[in-house]
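Just so we're aligned, residue 104 is where the sequence shown starts under our numbering, counting upward by one.
Where a beta carbon is used, it is the ideal one built from N, C-alpha and C, also for glycine.
These notes concern the structure reproduced below.
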Amino acid sequence: MRSHVVEVIRAPNTLPSSKNVLAGISILSLNVLLPNRIDGWWVKKMYNPSLGNIDYISAWSYRQKLLLQEIKNADADIVALQEVCAQSFESDFVEPLRELGYDNYLLYKKGRFRPLTLWQSKKCSLISQAQRDRVLITLFALEDSTKRQFVFVNAHLTAGTNQGGRRLRQTHDALNYCEKLWQQKEVQPRVIFCGDMNAEDNAAALHLLINGEVAAGFLEDGISVTSKNRTSPIGKFIDVATAPISTDQRPVPPPTMVVLELFSLLSVPDNENNLILSPAASAALTRAFRRFCTDEQESMSLEATENWLQAINGCLGRGTEYRTTLAILNKKYATDVSWEELPKDARFELADFLHVYTRGLRDIWGLPHDLNVFGEWPLVEASSISKISSIQNDQQPRLFMTRFDRIFSSQNNCRIIAVRDQISLQACPNADHASDHLSVGALIQLFGEDDDSS
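Structure representation (structure tokens):
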């Protein structure tokens, strides 16, 4: 593509206006972390317990203001949100954003965590749409003199280290539907593909977009994710965050997820490479367990078990810990009953307690909250944890940083005019950032068939 200067904007600054670019369109993508006004009671567990005042800064009234302000600051033509709540999305986002000019929207129809695309009708109009596996696809036409069409993909790909094959299938299927939606067969499809990819640089899904193909036997995290060659019907894409600035390659783009790195602190691999509790975590949980034992027995009564679950989850009957505990007690007493029907003399052993938290290592982000409730957080002094990034100082815990959230544009018929980054130097969510993800934005020019895009 023609060499040009890509402007880099840092939040809270606004994206350049698309009015000043022929056939320009601006985009903001953000995983909002499930709104917790109706659903998502567990969101507060994702905050660093050392922050303090978590009940206040994790409340939806506070989080919503931060998210709406970020969307307002970016001032994009199209906003792609992931992880919205189907029960409250209208009051959470649609109604307040209508006041900012986002007078049209489309919500994904399935699931608890849903993509939501909002746009300003003065900027573009909807022609058609398709909904695939965790992907919302829209065909738009610009409301300017060019009337150029483009396909916009809002994706929230499946998370998990063993889900690379599904993420590849989701991406490949979405690209096929982009081609199906495209009506101007004489023109190569213009496609903008954005969202929470839940994938790092070595992922097959990203490889397909950037390189246009994935070979059979492609390995992601040491696992083959496809038995056949897969080709993008749209061709290659550009990851907008890596676009060259002037004649120089842009430095490494900033992470879009900055969270506490908990695995090395709270878990270790066993002989079969399965995660188990680290010695420090196991010792802390053992001390906590014994505090809940109300008699001299090395086990918790049913009442003590209820007290533990209420302490960590706010009430009895919700959370992974509750469901796992109920399953353990039913198995132990050869029953298949509700909590209220469990034997009144049921006992919950230390091994059972530790099993609940070992199983919970799959969702390790909630464990610091529980340890804090028990008076066992932090496990070690922060200053004893080595720093891993130049943006950290000696007094901060270790951070896990990655770039899950991306915007891609089809390579041969789009030009990147500007990119917008949101930065956090501390673990998210926090008092300044309402989600564990950071937003990404871009201003993109859509070429016509007669334009010189070389």
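Note the first and the last residue of the continuous alpha helix (DSSP H) segment covering residue i.
{"i": "Asp448", "result": "From DSSP, Asp448 is part of no alpha helix (DSSP H); its letter is neither H nor E."}
{"i": "His540", "result": "Looking at the DSSP string, His540 is not in any alpha helix (DSSP H), and its letter there is neither H nor E."}
{"i": "Arg462", "result": "453-462"}
{"i": "Ile337", "result": "Note, Ile337: premise wrong, no alpha helix (DSSP H); not H, not E."}
{"i": "Asn533", "result": "No alpha helix (DSSP H) contains Asn533, which DSSP labels as neither H nor E."}
{"i": "Leu137", "result": "Element bounds for Leu137: n/a, residue is neither H nor E."}
{"i": "Pro481", "result": "Here Pro481 belongs to no alpha helix (DSSP H), and DSSP marks it neither H nor E."}
{"i": "Asp473", "result": "470-476"}
{"i": "Lys158", "result": "Correcting the residue identity first, residue 158 is Asp in this sequence and not Lys. Where Asp158 is concerned, the enclosing alpha helix (DSSP H) stretches over 157-160."}
Using C-beta distances below 7 Å, list every residue in its chain close to residue i, excluding the 5 sequence neighbours before and after it, in chain order.
{"i": "Leu405", "result": "Leu445, Lys447, Ala449"}
{"i": "Ser132", "result": "Ala183, Cys297, Gly298, Asp508, Ile510, Ser542, Val543"}
{"i": "Gln413", "result": "Leu419"}
{"i": "Asp466", "result": "Thr423"}
{"i": "Gln266", "result": "none"}
{"i": "Ile379", "result": "Ser370, Val371, Asp373, Thr461"}
{"i": "Ala407", "result": "Phe395, Cys396, Thr397"}
{"i": "Leu311", "result": "Leu271, Thr274, His275, Val317, Arg333, Ser335"}
I'd like the span of the beta strand (DSSP E) that includes residue i, first residue to last.
{"i": "Cys517", "result": "517-524"}
{"i": "Cys281", "result": "Run containing Cys281: none in the beta strand (DSSP E); it sits in the alpha helix (DSSP H), 267-284."}
{"i": "Ser367", "result": "It is not in any beta strand (DSSP E) - Ser367 instead sits in the alpha helix (DSSP H) that spans 366-369."}
{"i": "Thr505", "result": "502-505"}
{"i": "Ala233", "result": "227-235"}
{"i": "Val343", "result": "Unbroken run through Val343: none, as it is neither H nor E."}
{"i": "Ile130", "result": "127-134"}
{"i": "Ile510", "result": "508-513"}
{"i": "Ile112", "result": "110-113"}
{"i": "Ile240", "result": "238-245"}
{"i": "His259", "result": "252-259"}
{"i": "Val361", "result": "360-363"}
Roughly how many angstroms lie between the CA atoms of residue i and residue j, to the nearest whole one?
{"i": "Val182", "j": "Asp524", "result": "15 Å"}
{"i": "Ser542", "j": "Val328", "result": "28 Å"}
{"i": "Arg393", "j": "Ile519", "result": "59 Å"}
{"i": "Val146", "j": "Leu136", "result": "8 Å"}
{"i": "Ser164", "j": "Ser224", "result": "28 Å"}
{"i": "Asp195", "j": "Glu173", "result": "14 Å"}
{"i": "Arg426", "j": "Val459", "result": "9 Å"}
{"i": "Ile526", "j": "Thr359", "result": "8 Å"}
{"i": "Pro119", "j": "Phe192", "result": "28 Å"}
{"i": "Val97", "j": "Ala319", "result": "Nothing about residue 97 can be reported from this structure: the residues present for the chain run from 104 to 557 only."}
{"i": "Ala302", "j": "Arg506", "result": "8 Å"}
{"i": "Lys226", "j": "Lys288", "result": "23 Å"}
{"i": "Pro382", "j": "Pro372", "result": "11 Å"}
{"i": "Glu399", "j": "Thr438", "result": "27 Å"}
{"i": "Gly551", "j": "Lys250", "result": "10 Å"}
{"i": "Phe503", "j": "Val343", "result": "23 Å"}
{"i": "Val355", "j": "Thr345", "result": "7 Å"}
{"i": "Gln252", "j": "Trp480", "result": "53 Å"}
{"i": "Ser231", "j": "Leu170", "result": "28 Å"}
{"i": "Leu429", "j": "Asn416", "result": "15 Å"}
{"i": "Glu246", "j": "Trp222", "result": "12 Å"}
{"i": "Pro357", "j": "Ala530", "result": "14 Å"}
{"i": "Leu457", "j": "Asn377", "result": "15 Å"}
{"i": "Trp442", "j": "Asp142", "result": "22 Å"}
{"i": "Glu375", "j": "Gly155", "result": "38 Å"}
{"i": "Glu401", "j": "Tyr205", "result": "59 Å"}
Among residues of its own chain, excluding the 5 on either side of residue i, which ones have a beta-carbon nearer than 6 Å to its beta-carbon?
{"i": "Asn475", "result": "Pro152"}
{"i": "Pro218", "result": "Gln185, Tyr211, Leu239, Asn257, His259"}
{"i": "Val294", "result": "Val254, Cys281, Ile337, Ser513"}
{"i": "Cys396", "result": "Met403"}
{"i": "Phe477", "result": "Ala391"}
{"i": "Lys148", "result": "Gly469, His472"}
{"i": "Ile491", "result": "Confidence at Ile491 is low in this model, with a pLDDT of 34, below 50, so the placement of that residue should be treated as unreliable; the coordinate-derived value is given next. Correct list, in chain order: Arg501."}
{"i": "Arg140", "result": "Trp163, Ser191"}
{"i": "Glu409", "result": "Leu419"}
{"i": "Asn305", "result": "none"}
Take residue i and list the residues in its own chain whose beta-carbon comes closer than 8 Å to its own, dropping the five residues that flank it on each side.
{"i": "Tyr150", "result": "Ile157, Ile160, Ser161, His472, Pro532, Asn533"}
{"i": "Asn176", "result": "Ala114, Pro115, Asn116, Thr117"}
{"i": "Ala384", "result": "Leu368, Leu369, Ser370, Tyr460, Leu470, Leu474, Leu482"}
{"i": "Asn279", "result": "Pro336"}
Please go through the stretch 177-222 and give each complete alpha helix (DSSP H) segment of 4 or more residues, from N-terminal end onward. Listed in chain order, they are 198-201.
Complete beta strand (DSSP E) runs within the stretch 375-447 (minimum length 3 residues, chain order): The beta strand (DSSP E) runs lying completely inside the stretch 375-447 and spanning 3 residues or more are 378-380, 402-404, given in chain order.
Sequence ranges, alpha helix (DSSP H) only - wholly within the stretch 300-332, length at least 4: Counting only runs of 4+ residues, the alpha helix (DSSP H) found wholly inside the stretch 300-332 occupies 307-314, in chain order.
Could you tell me whether the stretch 367-376 touches the stretch 430-437, where touching means 3 or more Cβ pairs closer than 8 Å? Cβ pair count under 8 Å is below three, so no.
Three or more C-beta pairs under 8 Å: does that hold for the stretch 112-127 against the stretch 210-217? Touching, no.
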